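Below is one structure, written out as structure tokens; comments come after it.
Number of protein chains: 2
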Amino acid sequence: IPILGLPVQFVCYGFTACVSLLDAAMSPKITVELLRQLRQAMRNTKYIAEPIQAYIVPSGDAHQSENLAPCDCRREFICGFNGSAGTAIVTEKHAAMWTDGRYFLQASQQMDNNWTLMKMGLKETLSQEDWLISVLPENSTVGVDPWIIAADQWKNMSKALAGAGHSLVAVQDNLIDAIWMDRPTRPSTQLLTLGLGFTGLTWQDKMTALRSKMAERKISWFVATALDEIAWLFNLRGSDIEYDPVFFAYAIVGMNTIRLFLDIKRLAVPTVREHLQLDTPSKAELSVQTAPYESVFTELQAVCASLGPKEKVWISDKASCALTQVIPKAHRTLIPYTPLCLAKAVKNATEIQGMKMAHIKDAVALCELFAWLEKEIPKGTVTEISAADKAEELRSQQKDFVGLSFPSISSVGPNGAIIHYKPLPETNRTLSLNEIYLLDSGAQYIDGTTDVTRTMHFGSPSAYEKETFTYVLKGHIAVSAAIFPNGTKGHLLDSFARQALWESGLDYLHGTGHGVGCFLNVHEGPCGISYKTFADEPLEAGMIVSDEPGYYEDGLFGIRIENVVLVVPAKPKYNYRNKGSLTFEPLTLVPIQAKMVNTDLLTQKERDWVNEYHRQCRETIGAELDRQGRKEALDWLIRETQPIA
Amino acid sequence: IPILGLPVQFVCYGFTACVSLLDAAMSPKITVELLRQLRQAMRNTKYIAEPIQAYIVPSGDAHQSENLAPCDCRREFICGFNGSAGTAIVTEKHAAMWTDGRYFLQASQQMDNNWTLMKMGLKETLSQEDWLISVLPENSTVGVDPWIIAADQWKNMSKALAGAGHSLVAVQDNLIDAIWMDRPTRPSTQLLTLGLGFTGLTWQDKMTALRSKMAERKISWFVATALDEIAWLFNLRGSDIEYDPVFFAYAIVGMNTIRLFLDIKRLAVPTVREHLQLDTPSKAELSVQTAPYESVFTELQAVCASLGPKEKVWISDKASCALTQVIPKAHRTLIPYTPLCLAKAVKNATEIQGMKMAHIKDAVALCELFAWLEKEIPKGTVTEISAADKAEELRSQQKDFVGLSFPSISSVGPNGAIIHYKPLPETNRTLSLNEIYLLDSGAQYIDGTTDVTRTMHFGSPSAYEKETFTYVLKGHIAVSAAIFPNGTKGHLLDSFARQALWESGLDYLHGTGHGVGCFLNVHEGPCGISYKTFADEPLEAGMIVSDEPGYYEDGLFGIRIENVVLVVPAKPKYNYRNKGSLTFEPLTLVPIQAKMVNTDLLTQKERDWVNEYHRQCRETIGAELDRQGRKEALDWLIRETQPIA
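Chains as they are written, first to last, in UniProt numbering: chain A, 1 to 645; chain B, 1 to 645.
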């Protein structure tokens, strides 16, 4: 699934944050009473020493998560808008919500008249700071929950307000939670322990590697706040957030100390206790001290109180203001990517093997799906929703299936042009022989995470549909087959994906690729392929990214061809300055529909690429389909992988 | 000539800053006595209230100039190193000089043992701040001339020193000037006035456009500090800095006021007085108040003293600390690119016509040169220096020739691999039938500025030389023929230039293109084509950039193919979201040596591009050669532009 290629402060890869609620019809939420209660709370000295004149409700949780647990959908609760990106601000008289162009329509449908929609990106739209300054009385106080605002956002907002005579204050009790009567509890799902066969490294190995990075940079402590990093570090998985196999936790790692903060009840399970060696005497520096999730704040305070004069603490520059500010400035080292993020991105041999296995199983399910669709579509009974359900059903038959890795984008005809579309009962179209079908879907298996898009026509595509599909395919191949020097950042490859489209005056308005976790989040840093150059890290052998150019014709159709690809060493003719070269190896092995290709527009090299790719699909997936006895899908695969001329 | 693609704070396009001194042999400068005097000055209360423990000598003048006038070569004066990038710091006991990898050898040869060379980019090298902190006694004071350090550099240095208990202070009298007995005076060359036929817009038109930009952003005053911006604004040129047709000046523009600060003696010339309408009563808002160069500081203070509470002053974020800090923070709006920089980059019809004429004349001179070289080289009498001199002589015969736009890079064989090579008597090689010749040169004409690189072999190139030349040519064509959407930034095109090289494991370590001024600096912002993504502005029709990929084999040869190209609208088949497309039109029309091309490696499209390019060269330059009666060069042109198969 594509990322939108926005600068890093706006990276909101996903769909809507609170997907469970998306199925609700788009009628506005009535917020009169809620706003009255919130304004009352803003004056209530039970929560704050002095009344505040404005309260900021950012979207997000305390862990920089892309997807949110229901209990963290506070911005949605107060205004009704459930898109992935948006900030609500309530003053004594006004209520306003900022979101970007993807969500103008949705937000205007989901919010009632008490709310002003602030359309980000339009010239006339005031920034949050400028708007606050324009509406607040002199010497106002603006409050925000310091746990869900990042330290740098706090700094900018605070500075802007101070410049106009106002002040920003941290409100420790979240005022939305205070008025949210039926707020769901924070999930505390069962933890899954992963053995060496899945992880390739014990958590003790990872801890040692982390500490050697810390020693290298003379860092005494590291505070882990991102949920996928903590899951990766401890070789544990949860299901606290839909689609993301993570669990709510913090970790603080010193050279001789490991502190893990989570719901202590989760540690009652013997396998978890054993995995973390909680009951086994072990070397002091590898013994895990567990503590309640909420105690991270006081524990970090204690750690910081005992710091020597030159000791430094590492924390992500995207961590919450609350936790960041616990660390005295002189001891704080903010980093854009933590050592865990960087280590996690480069998959080891076991993880690569797992990802390959997961993609084989995933391809089996998809071959079956497409064979089934071919048979069923002419009956007129398959819809976007039922096709997505069938895909999930087929995936769930595969070994070690855990769940989907994101909500399937199952879209017919014009719906395909909505990049982050999710079929709803009221938008649900029937698959037919006349319209293009785009399916962007993926799953979590215990051995790996998948994310694949195929665009198919089950009747006769038009010349224009074939032409644009072929440009997208050329872009996909240009990235997948690119050879580039070691040390190249992914954003330098983005234009390769667009070149064929650009030549015909076409383009697509999202990034070309994102990092993919291994039985972790389907979107992860620090690498990616995007025209927006955020601070991406250079591509390295072992990294895994998606390659997913597209083309979208509003009101007509959408095309996207997405493989997950592994960065591997390349061996070109020369080796300039002994730098070495890299290229990509597709992990996704699902045929690309030849019917959609105008082969006249392909070069011989591109035709060779397609045929070699299909040979691999046939060989690898064919063997597995055969082993699983899935005859119809095998026939389909063999037919769909005939060489093109 | 290539830029090095470094982040913007390190953009040092050029060769050495003080080119006039480059011809000196590379023997170290003896600095014992100079350092003694400087250290004395550092304690001398004639210059500073309290003794300082360290003095920073940045390279640069008060105008962010890439090239420097001799009087501004202070860092070179104190340490002997005359490269374009380098900062010297002298403490009571130590003297150290920081420069980057291009200059390690040169700096080590030019500096004596009193100096420590600090090799930037190596892991073990301390930053200036860290080094200062490591060598200074407690509570030290570090001095710097605030006129030659940018405001943001000041801020960073000041913060780092303060964090370690030291302080950074502005020393108003430059201490180098204080001990530089034979320091040249600041040049004050004759000003040249440019009429509408060259500029397309009167300076009054430009002033009005500037003011409308200011009004749009509610800005009351604009401070112009970059010399090329001031020259462009007033349609004046000078020759204060070699190669750059600029003059030392500042300007302060208000909605009803124009203040120009320069050596008042320059205004004695009647044409200049008339051009600026100094003696003609004109509308108040278009009357120019002139004042001495040095008075800009006090005048800006006066302007700032009279500011209303909400009034804002625009100044470049690269302007000197001294001038920036005159503007109170609440009134200061720092901008990465000034409205003049942006307006200057988009050439109007007259400027484009002028640039075309300049490139035709330049091509005439180069065709003559290459025809002459072909005849003379076999005699063994042509050297790098004499070839460069001949090129200059031939250019000087063309109408409105003013001078070179940068020192010619005339390089044979291994010297070609030194990207910013300038032939010196002790490195001067003879052109032969056995080695590749690379000539990167350009000129200033009153109607335009040129910059062109051709790589030729006058005997039989090896298969490897042809192969790598052809990859470079493919990269050149990929950029030149690229079609891309309006709004695309140049850095997104950089990889197109490298794709063919990358595929064979090769690369080059400089940027692909830079903006080119119109009878102004050969390097100008805000656009460019580089793998390093600084904050470049999107390409726009009318912008002019270079397209100059290369390949360098250390110790053997260098290859570069450079055209200056104009951004023009393109008309591809489709027009996605009515955004429109752009492409490039070559202004440089000099044949690319077919003998160096392995045509088997070109696609049909690339062969067509070469043949169409050569057809244009023959048509346009052929007509002019014919008109000028330069028969031999015409014959050479016709032969060199035969279609390739």
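Quick reminder that beta carbons are idealized off the backbone N, C-alpha and C, glycines included. Owing to the predicted nature of the structure, the values given are computational and were not obtained by experimental measurement.
Exposure of residue i, with buried meaning 16 or more beta-carbon neighbours within 10 Å
i, result
"residue 507 of chain A", "buried"
"residue 113 of chain B", "exposed"
"residue 128 of chain A", "buried"
"residue 139 of chain B", "exposed"
"residue 40 of chain B", "exposed"
"residue 49 of chain A", "exposed"
"residue 595 of chain A", "exposed"
"residue 80 of chain A", "buried"
"residue 264 of chain B", "exposed"
"residue 503 of chain B", "buried"
"residue 271 of chain B", "exposed"
"residue 347 of chain B", "buried"
"residue 23 of chain A", "Its pLDDT being 41, under 50, residue 23 of chain A is placed unreliably in this model, and the coordinates cannot settle the point."
"residue 351 of chain A", "buried"
CB contact flag (residue i, residue j, <8 Å)
i, j, result
"residue 388 of chain A", "residue 557 of chain A", "no"
"residue 615 of chain B", "residue 364 of chain B", "no"
"residue 52 of chain B", "residue 42 of chain B", "yes"
"residue 358 of chain B", "residue 448 of chain B", "yes"
"residue 126 of chain A", "residue 134 of chain A", "yes"
"residue 99 of chain B", "residue 107 of chain B", "yes"
"residue 566 of chain B", "residue 486 of chain B", "no"
"residue 209 of chain A", "residue 343 of chain A", "yes"
"residue 71 of chain A", "residue 2 of chain A", "no"
"residue 366 of chain A", "residue 590 of chain A", "yes"
"residue 423 of chain B", "residue 405 of chain B", "no"
"residue 275 of chain A", "residue 199 of chain A", "no"
Within chain A, the residues that residue i reaches when beta carbons sit closer than 7 Å
i, result
"residue 662 of chain B", "The structure shown does not extend to residue 662 of chain B, since chain B spans only 1 to 645, so no value can be given for it."
"residue 484 of chain B", "502"
"residue 573 of chain B", "504 and 505"
Residue i - DSSP class collapsed to helix/strand/coil
i, result
"residue 143 of chain A", "strand"
"residue 447 of chain B", "coil"
"residue 111 of chain A", "strand"
"residue 73 of chain B", "coil"
"residue 317 of chain A", "coil"
"residue 120 of chain B", "coil"
"residue 218 of chain A", "coil"
"residue 202 of chain A", "coil"
"residue 339 of chain A", "helix"
"residue 270 of chain B", "helix"
"residue 560 of chain A", "strand"
"residue 370 of chain B", "helix"
"residue 180 of chain B", "coil"
"residue 24 of chain B", "Per-residue confidence for residue 24 of chain B stands at a pLDDT of 44, beneath the threshold of 50, marking its modelled position as unreliable; the derived number appears in the next sentence. Reduced to three states, the DSSP call for residue 24 of chain B is coil."
Contact set between residue i and chain B, taken where Cβ atoms lie within less than 8 Å
i, result
"residue 647 of chain A", "The requested residue 647 of chain A does not occur in the structure, where chain A is confined to residues 1 to 645."
Distance cut-off 7 Å: residue i Cβ against heavy atoms of the ligand GDP
i, result
"residue 463 of chain A", "You won't find the ligand GDP in this model; it holds no ligand whatsoever."
Integer Cβ distance of residue i from residue j, believed to fall under 8 Å
i, j, result
"residue 151 of chain A", "residue 319 of chain A", "7 Å"
"residue 505 of chain B", "residue 515 of chain B", "That belief does not hold up - the Cβ atoms of residue 505 of chain B and residue 515 of chain B are roughly 31 Å apart, past 8 Å."
"residue 554 of chain A", "residue 513 of chain A", "That belief does not hold up - the Cβ atoms of residue 554 of chain A and residue 513 of chain A are roughly 23 Å apart, past 8 Å."
"residue 323 of chain B", "residue 290 of chain B", "Not a contact, Cβ separation roughly 18 Å."
"residue 500 of chain B", "residue 475 of chain B", "6 Å"
Contacts of residue i in chain A (Cβ-Cβ under 9 Å)
i, result
"residue 496 of chain B", "495, 496 and 499"
Per-residue contacts from residue i into chain A (C-beta, under 8 Å)
i, result
"residue 126 of chain B", "Here the premise fails: no neighbours, minimum Cβ distance about 15 Å."
"residue 581 of chain B", "502 and 505"
Within chain C, partners of residue i - CB distance below 9 Å
i, result
"residue 65 of chain A", "As a matter of chain content, chain C is missing from the structure shown, whose protein chains are A and B."
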